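Chemist:
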Amino acid sequence: MARSIVVIDHQMSWHQAFKVEKAQLLTALGECVVSLEHIGSTSVPGLAAKPIIDMLLEVDSLAALDAQAEQLRALGYVARGENGISGRRYFCKSEETKSEETKSEEDKSDEGKRDEYKAGPQRTHHLHAFQRGSQQLIAHRVFRDYLIAHPELVNQYGQLKRQAASECEHDSRRYMALKEDFIRQNLVLAMKWYAQI
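Our numbering puts the first residue of the sequence shown at -15, with every later residue one more than the last.
#1: Should Glu5 go down as buried or exposed, given a rule of 16 or more other Cβ atoms within 10 Å for buried?
#2: Judging by CA-CA distance, which residue of Ile36, Gly142, Gln52, Pro35 is the nearest neighbour of Val43?
#3: DSSP three-state label for Ala51, please.
#4: Check whether the stretch 107 to 123 touches the stretch 71 to 82, counting contact only when three or more Cβ pairs, one atom from each stretch, lie closer than 8 Å.
#5: Pull up the distance between the alpha-carbon of Val(-9) and that of Pro35, whole angstroms please.
#6: How should Lys97 be labelled, buried or exposed, when 16 other C-beta atoms within 10 angstroms of its C-beta is the threshold for buried?
#7: Going by DSSP in three states, Glu164 sits in which element: helix, strand or coil?
#8: Leaving out five residues on either side along the sequence, give the residues of the same chain with a beta carbon under 7 Å from the beta carbon of Leu144.
#9: What are the boundary residues of the beta strand (DSSP E) that includes His110?
#10: Let me know if Thr11 comes out buried or exposed under the rule of 16 or more other beta-carbons within 10 Å of its beta-carbon.
#11: Any idea if Ala179 is buried or exposed, counting beta-carbon neighbours within 10 angstroms, 16 or more meaning buried?
#12: Once DSSP output is grouped into helix, strand and coil, what is the label at Leu41?
#13: On a Cα-Cα basis, can you pick out the residue from Ala1, Ala148, Glu153, Ser25 that is closest to Phe127?
#14: Tell me Ile23's beta-bridge partners as DSSP assigns them.
#15: Rounding to the nearest angstrom, what Cα-Cα distance links Leu41 and Gly65 in this structure?
#16: Taking 7 Å as the limit between beta carbons, can you name the residues of its chain near Leu137, skipping five residues before and five after?
#17: Return the CA-CA distance between Pro29 and Leu46, expressed in angstroms with no decimal places.
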């Protein structure tokens, strides 16, 4: 069965959940890390969100991060390659992340492919890694900071997310598509805002 799309009120516990996960990741990855930040809707106070902690990992070298695959696997993260965004390393963690020993051959053959929309256990964490200086890295930070600085947009975006979730149920592609215009338009405004501060 496909993962449910559930959008709930903002939870203060999300910030603590990020801190706990950050400490584990910093210990596991060591000097590979330049910075590790809480991003996405769970990082924006007051914003309704799916209860998944998104994190932005900045590294000096993606090759060095790739060499840390075993450390991430030990924490329950599954590598998904770029997953649709060039220059990214994307990892997900679920309530019931499968171990290497219990994966079927079909599961193994799917690794690295874009599978954001496949059925499976509920996600708990997403880790988005980029090399220092990446435009995607900057865009993720700026969009978060822009929403925090504009509470009226937080309310608007939250309502949009709730409406999209109620219409989509298990259709993640459609859920993303319904948010696309808001994100694209406000990212343009966010980058202009960022250039002026």
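In this text, a Cβ means the ideal position worked out from N, Cα and C, and glycines have one as well. The model shown is predicted, which means the values in this text are computed figures rather than measured ones.
Modeler: If we stick to the structure as given:
#1: buried
#2: Gln52
#3: coil
#4: yes
#5: 7 Å
#6: For Lys97, the predicted model reports a pLDDT of 43, less than 50, meaning its position is unreliable; a value from the coordinates is still stated below. Exposed.
#7: helix
#8: Lys163, Phe166
#9: 107 to 115
#10: exposed
#11: exposed
#12: strand
#13: Ser25
#14: Asp38
#15: 14 Å
#16: Leu131, Asn170
#17: 31 Å
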